[in-house]
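A.B. asks: Mapping of the sequence shown onto the UniProt record's numbering: residues 1 to 1025, in sequence order.
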Amino acid sequence: MSAKQTPSIIGKIYRAYEKPSNSHCVVLENRMQAEVLLFENNTLCTATASEFDTFKRQCVKIVDAYGCLGVLNVNIDNKVALFLVLVTGCQSVGKISDAEIFKITQTTFVSLRKQQSDDYASEVRKLLNSGSFYFSRYVSQDVRFDLTLCAQRQWNNCVPDNRFFWNRNLHVYFIHFGINTSQWLMKIVCGSIEIKTVYARHKQARIAIISRLSCRRAGTRFNVRGCNDDGYVANFVETEQVIYLDDEVTSFVQIRGSVPLFWEQPGMNVGAHKVKLSRSIESSADVYEKHVKSLIDCYGNIIFINLLGGANSNSKENESALSYAFEQKHSTSAFSFIPFVAFDYHQEVKSNGDKSLQKLKNSVDPYLDSFGLFYAKGNSVVKHQTGSMRINCTDCLDRTNCIQKFFALEVLAKQLEFLCQNETDQIISRFEEVFQQLWVNNGNEISRIYAGTGAIQGGSKLLDGARSAARTIQNNLLDSSKQEGFDILLSGNAFNNELLAKAKALLPYNTWQCHPDLAEEMCKKYKSYTYKSNLRISIATYNVNGGKHFLNFDSSNLESLSKWLLDPYKVSLFDPSKKFFLNDNNNLPDIYAIGFEEIVDLNASNIMAASSNNADSWSKSLKNILSSKRDYVLLTSTQLVGVCLFIFVKPELLPYIKDVTTDSVKTGMGGTTGNKGAVMVRFTLDATNLCFICSHFAAGQSQVADRNADFNEIARKLKIPIQSNDYVYWCGDFNYRVDMDRLDLINHVLDGDLEEVLKYDQLLAQCRDKKVFENFFEAPITFPPTYKYDILSDEYDSSDKCRTPAWTDRVLWYCNENNDWPNGKQVFYGRAEIKESDHRPVTASYEIEILCIDQALRERELNVLWNEYGPIDGVILVHIENTDFPLNDESFKNIMLQGLGSFGKILNARYFTDHAEIIYENGRFAANALKIKQISIYNYTLILTAKNNNWALAIKNEIETITNNIVPLWTDKLRSAPMRPPLPARSDQSPSSDGMPNYPPPSNVPLPPLPPRQRMPPPLPPRNA
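Written as structure tokens, this is what we have:
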């Protein structure tokens, strides 16, 4: 497409029309392009200006716009909704070089389907209109100011940094149909951009603070914390302090990001916000190292500055546990050589005021000096920045803003040494004054995105108090809808939920997220790149009656628990002839799921806010018991008042585990309290989805209906449906009783006649009637009833109530029959004789098949599929041998469409003088037609060819658009000469022999060791649930 003219900096150069037709058709015109775009029948194609003129008068204008962001593809109730997203309101932030930066203030979503309301994407529209997104326009088409890149990366002529390219998913639709996105779409960044002009005598300097928020783990304050399985962290922001003065530019980059561990702040958070490690420190090792490696790849040298409170201070939000975990993980990681400065901001500033910042500066200065800054003059880079500071607090907002501003103003003096060597103190102070305000504004804007309010600066108690109250309301009550906007913008796609679950387990994220049709084909072919292995699983449940007799976990307690968890495996339960996922030949389970009921007393105070002290004690004791035979690590645990579930795994499994999800459902008092209910842990192991549930149902001999209701309420409310898993293990105190006379029951049990008693078991009866646990299995019960015993006795309940014994404690399991591979068997079902509670604990063991991915075979299968798939846009060209196309012969066109339609569904057809374009629903249908190469209709010989023969490359380009890339800030290799407008010649520049500018390497200043820590890492304090 050729440009008509050079665009102005800004103007509504786009216009969207609706074209009257049987099918819904939208036309997009760009006054700077010679062609228009036609969106019709879920397809996209170009039309020439002359072709557009033939029907332009019939079109109805929809809206004029400043720019186009792309097409948003949303799956609503398993139906695809398509919206063309146009920028219809913006305001200038300022100019940098030949570019002008604009903030988006309004967007319009144009439906590309009939009778499709844009309410489906209302949260995305609110997000884009929030004033946090920016784009750039340029005077010259030869020079592009890419907002995703800092000045140093721009100078190095880098490709766009996909971390900060927020609408890259919206570009995919255009790429799919072969449209040049650089001519039609713009890239937007999210964050804050503040630009001001400062005069240095007769010179005019443009100064800016540019903060780029990463889209890799985006979201709101209490919805997105810590890191994900890929090592990406919440609220990761790259902030650049940059000055442009004539042909000179200098910049300094800092980064911030959430603590790179798995942690969260669950529940309502008012006042002191409870921090919880959602996975153990050990299970975060792999993702921690992924995160640090990505920092090194992107920024070179790194120093960590942790501003969280320590155990010796009155730290809020239970920060000390998180801070300790962060320090501990860093000190034991492969990157422990990277400097780590622990600076308790609140305690230090409270105790020492501004002197404390000088103390921090003294610790960091040697590294800061070594990292340097970026400075270029003319066509030469004089100095590179070779590293960056990574600063964090809890939210990476208020404290982080203050420290980043402090160091940025320190570096500003060095930047001005390059630019204003002989200027007066008055001019220097003018720069400092303006930058001070820019940093305040920057802090407010970053805070609004993540927390919903401006930053809490500490300057005004009234203002800070109002913002803190507003944050509480916003974060607890309103952020869920805002989070939905983030999620749809960044990953909205055409999947139905069932396909999405399969694709996420089997395929790389860029394949399933980019191309649903390819993902569906790959899911169908899963057998060609997967293999089966075997896994050993142990499920255990125990109602500990408040844990009163386990308070100290003395040697007798531990010995009795060992009988429950380890003794069953003293004999060989698992088939030694099978190949297991971990072939360690020790006959111990690969995964332990250990559930407890009444881990705390079910009194009123615990029901309102249960302590996690008991859970923490149990966690440590369980780990000691399990690790007495071989290493186990706690993957995660979750608690709902008295119900608690621990997942322990062999550490060798950790690299294969992803997407760990926890959930809880209250069923007490009509679903308002957690004295009864369930907790869930679900994760993917290689390509297998495993779900573990522990629950406590309603008590009472006759409350069968209430127990049934509890089960059904839990199954309905869990965030991940039962049928979305390959295996589900459900344990707990289900409280189903036996409808039999107590004395008769005891006599049958003493005689060993369990079969007769089980005829009256309530749970078995309800399962037979399909009222609960439909499609679940339970092994035959061969052990006596587990409830109710006199504590520390072998006698059933001798109290005044004389409760009838029952098998209240059970384990059932589910195997998804919709998939043709899940298969397993139960190898053990029994109880242990532990007498410290009125229940006996139960254990069940399983040997199951799991699906595993062969990465090399999957890559090969993907390449085969790409090559066989056909034209990605579904377009084939139809030429008629030795003659033009009969445009006026409607009968011929109808017969042709019928014939070509036999190869697959045709979405659209366009006719030209010498050929026709047939657009199929997908590339596979187009490939079917291309196989015949030619066909005869009405004495015409039709020649079929692809519009784009290299569809494998086209598919790869489409996938590449959303693939996370690494754009280094600096490497020690020479860069190619950057594309820049002509600059005045410099007499002091001495080019190298090949005509390239000289890029001096950074000075290799040896770094001194960090000063000794002022405090030792405290023991991990108790978590609060």
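Glycine residues also receive a C-beta, built at the ideal position from the N, C-alpha and C atoms.
Can you give me the C-alpha to C-alpha distance between Leu213 and Asp761, rounded to a whole angstrom?
C.D. replies: Working through the sequence shown from its first residue, we reach residue 213 at position 213. Working through the sequence shown from its first residue, we reach residue 761 at position 761. Rounded to whole angstroms, Leu213 to Asp761 spans 58 Å at the Cα level.
A.B. asks: If you run the structure through DSSP and keep just helix, strand and coil, what is Leu792?
C.D. replies: As a first step, residue 792 is located in the sequence shown; it is residue number 792 there, counting from the start. In this structure, Leu792 counts as coil in the three-state DSSP scheme.
A.B. asks: Kindly confirm or deny that the stretch 727-745 and the stretch 696-708 touch, where touching means at least three C-beta pairs closer than 8 Å.
C.D. replies: Touching, per the Cβ criterion.
A.B. asks: Over the uninterrupted beta strand (DSSP E) stretch that includes Trp184, give me the two end residues.
C.D. replies: Residue 184 sits at position 184 when you count from the first residue of the sequence shown. Element bounds for Trp184: not the beta strand (DSSP E) but the alpha helix (DSSP H), 181-184.
A.B. asks: Mark Gly11 as exposed unless 16 or more other C-beta atoms lie within 10 angstroms of its C-beta, in which case mark it buried.
C.D. replies: Against the sequence shown, residue 11 aligns to sequence position 11. Counting Cβ neighbours within 10 Å, Gly11 comes out exposed, since fewer than 16 surround it.
A.B. asks: Output the distance between the C-alpha atoms of Lys293 and Ser336, rounded to the nearest integer angstrom.
C.D. replies: Here the question's residue 293 lines up with position 293 in the sequence shown. Here the question's residue 336 lines up with position 336 in the sequence shown. Roughly 12 Å between the two C-alpha positions.
A.B. asks: So, with DSSP's three-state summary, where would you put Ser356?
C.D. replies: By one-based count along the sequence shown, residue 356 stands at place 356. Ser356: helix per DSSP, three-state reduction.
A.B. asks: Beta-carbon separation of Val364 and Ile281 under 9 Å?
C.D. replies: Counting from one through the sequence shown, the residue named residue 364 turns up at place 364. Counting from one through the sequence shown, the residue named residue 281 turns up at place 281. Against a cut-off of 9 Å, the Cβ pair of Ile281 and Val364 comes out as no contact.
A.B. asks: Report the start-end ranges of each alpha helix (DSSP H) in the stretch 758-782 that is 4 residues or longer and not cut off at the edges.
C.D. replies: With a minimum length of 4 residues, the continuous alpha helix (DSSP H) runs that stay inside the stretch 758-782 are 762-768.
A.B. asks: Does the distance from the C-beta atom of Leu82 to that of Phe39 stay below 9 Å?
C.D. replies: Here residue 82 corresponds to residue number 82 of the sequence shown, with the count starting at 1. Here residue 39 corresponds to residue number 39 of the sequence shown, with the count starting at 1. For Leu82 and Phe39, yes; Cβs fall inside 9 Å.
A.B. asks: Exposed or buried, which one is His202 when buried takes at least 16 other CB atoms within 10 Å?
C.D. replies: Residue mapping note: residue 202 aligns to position 202 of the sequence shown, counting from 1. Exposed is the call here.
A.B. asks: For the stretch 368-435, list the alpha helix (DSSP H) runs that are entirely contained and at least 4 residues long, ordered along the chain.
C.D. replies: Taking only runs of at least 4 residues, the alpha helix (DSSP H) segments lying wholly in the stretch 368-435 are 398-419.
A.B. asks: Using 10 angstroms around the beta-carbon of Cys815, count the other beta-carbons present and answer buried if the total reaches 16, otherwise exposed.
C.D. replies: Start at 1 with the first residue of the sequence shown, and residue 815 comes out as number 815. Buried, because 16 or more other Cβ atoms sit within 10 Å of the Cβ of Cys815.
A.B. asks: Where does Gln703 sit, in a helix, a strand or coil, going by DSSP?
C.D. replies: As a working mapping, residue 703 is identified with position 703 in the sequence shown. In the structure shown, Gln703 sits in coil (DSSP, three-state: anything other than H, G, I, E or B).
A.B. asks: With H, G and I counted as helix, E and B as strand and the rest as coil, what does DSSP make of Tyr569?
C.D. replies: Counting from one through the sequence shown, the residue named residue 569 turns up at place 569. Reduced to three states, the DSSP call for Tyr569 is helix.
A.B. asks: If you scan the stretch 38-88 from start to end, which runs of the beta strand (DSSP E) of 3 or more residues do you find wholly inside it?
C.D. replies: For the stretch 38-88, whole beta strand (DSSP E) runs of length 3 or above, ordered along the chain, are 43-48, 60-65, 67-76.
A.B. asks: Decide if Ser278 is buried, meaning its Cβ has at least 16 other Cβ atoms within 10 Å, or exposed.
C.D. replies: Counting from one through the sequence shown, the residue named residue 278 turns up at place 278. Buried: at least 16 other Cβ atoms inside 10 Å.
A.B. asks: Considering only residues of the same chain and omitting the five flanking positions on each side of Tyr796, which have a CB-CB separation below 7 Å?
C.D. replies: Taking the first residue of the sequence shown as position 1, residue 796 is located at position 796. Only Ile746, Lys788, Tyr789, Pro805 meet the Cβ criterion.
A.B. asks: Residue range of the alpha helix (DSSP H) that Trp512 falls in?
C.D. replies: In the sequence shown, the residue the question calls residue 512 occupies position 512. It spans 509-514 - the alpha helix (DSSP H) in which Trp512 sits, taken as one unbroken run.
A.B. asks: Leaving out five residues on either side along the sequence, give the residues of the same chain with a beta carbon under 7 Å from the beta carbon of Asn614.
C.D. replies: For the purposes of this step, residue 614 is taken as residue 614 along the sequence shown, with counting starting at 1. Cβ within range, chain order: Gly547, Ile599, Val600.
A.B. asks: Run through DSSP, which three-state label would Phe486 get?
C.D. replies: Position 486 of the sequence shown holds residue 486. It is helical.
A.B. asks: Which residues in the same chain as Glu348 place their Cβ atom closer than 6 Å to its Cβ, once the five residues preceding and following it in sequence are excluded?
C.D. replies: In the sequence shown, residue 348 corresponds to position 348, counting from 1. If we look at Glu348 and ignore the five residues flanking it on each side, its Cβ neighbours are Ser356.
A.B. asks: In whole angstroms, give me the CA-to-CA distance for Asn624 and Val633.
C.D. replies: As a position in the sequence shown, residue 624 is number 624, starting the count at 1. As a position in the sequence shown, residue 633 is number 633, starting the count at 1. About 10 Å.
A.B. asks: Between Arg682 and Cys691, how many whole angstroms is the CB-CB distance? I'm expecting something under 8 Å.
C.D. replies: The residue labelled residue 682 in the question sits at position 682 within the sequence shown. The residue labelled residue 691 in the question sits at position 691 within the sequence shown. Correct: roughly 4 Å between the Cβ atoms.
A.B. asks: Hey, would you say Ser845 sits closer than 9 Å to Leu645, going by beta carbons?
C.D. replies: On the sequence shown, position 845 is the one that residue 845 refers to. On the sequence shown, position 645 is the one that residue 645 refers to. No, they are not a contact pair.
A.B. asks: Would you be able to state if there are at least three C-beta pairs under 8 Å between the stretch 557-568 and the stretch 500-508?
C.D. replies: No, they do not touch.
A.B. asks: Hey, quick one: how far does the alpha helix (DSSP H) through Ser323 stretch, first residue to last?
C.D. replies: Residue numbering aside, residue 323 sits at position 323 when the sequence shown is read from its first letter. Start and end: 319-332.
A.B. asks: Would you tell me roughly how many angstroms separate the C-alpha atoms of Phe431 and Ser637, rounded to the nearest one?
C.D. replies: Start at 1 with the first residue of the sequence shown, and residue 431 comes out as number 431. Start at 1 with the first residue of the sequence shown, and residue 637 comes out as number 637. Looking at the two C-alpha atoms, the distance is approximately 52 Å.
A.B. asks: Let me know the secondary structure DSSP gives Thr220 once reduced to three states.
C.D. replies: Here the question's residue 220 lines up with position 220 in the sequence shown. Thr220: coil per DSSP, three-state reduction.
A.B. asks: What are the boundary residues of the beta strand (DSSP E) that residue 1072 is part of?
C.D. replies: Given that the chain is displayed from residue 1 to residue 1025, the structure contains no residue 1072 and the question cannot be resolved.
A.B. asks: Which ranges would you report for the beta strand (DSSP E) in the stretch 620-674 if only whole runs of at least 3 residues count?
C.D. replies: Counting whole runs of 3 or more residues, the stretch 620-674 contains the beta strand (DSSP E) stretches 633-640, 643-649, 657-668.
A.B. asks: As a quick exercise: from Lys931, Gln426, Lys658, Asn543, pick the residue whose alpha carbon is nearest that of Ala699.
C.D. replies: Working through the sequence shown from its first residue, we reach residue 699 at position 699. Of the listed residues, the one whose Cα sits closest to Ala699 is Asn543.
A.B. asks: Looking at the unbroken alpha helix (DSSP H) that takes in Asn534, where does it start and where does it end?
C.D. replies: For the purposes of this step, residue 534 is taken as the residue at position 534 of the sequence shown. It is not in any alpha helix (DSSP H) - Asn534 instead sits in the beta strand (DSSP E) that spans 530-543.
A.B. asks: Taking 9 Å as the cut-off, decide whether the C-beta atoms of Glu597 and Thr667 are in contact.
C.D. replies: By 1-based counting over the sequence shown, the position of residue 597 is 597. By 1-based counting over the sequence shown, the position of residue 667 is 667. No, the Cβ-Cβ distance between Glu597 and Thr667 is not below 9 Å.
A.B. asks: When we look at the beta-carbon of Tyr324 and count the other beta-carbons within 10 Å, is it buried (16 or more) or exposed?
C.D. replies: Within the sequence shown, the letter at position 324 stands for residue 324. With 16 or more other Cβ atoms within 10 Å, it is buried.
A.B. asks: Beta strand (DSSP E) containing Gln826: first to last residue?
C.D. replies: Reading the sequence shown from its first residue, position 826 is the one you call residue 826. Unbroken beta strand (DSSP E) run through Gln826: 824-831.
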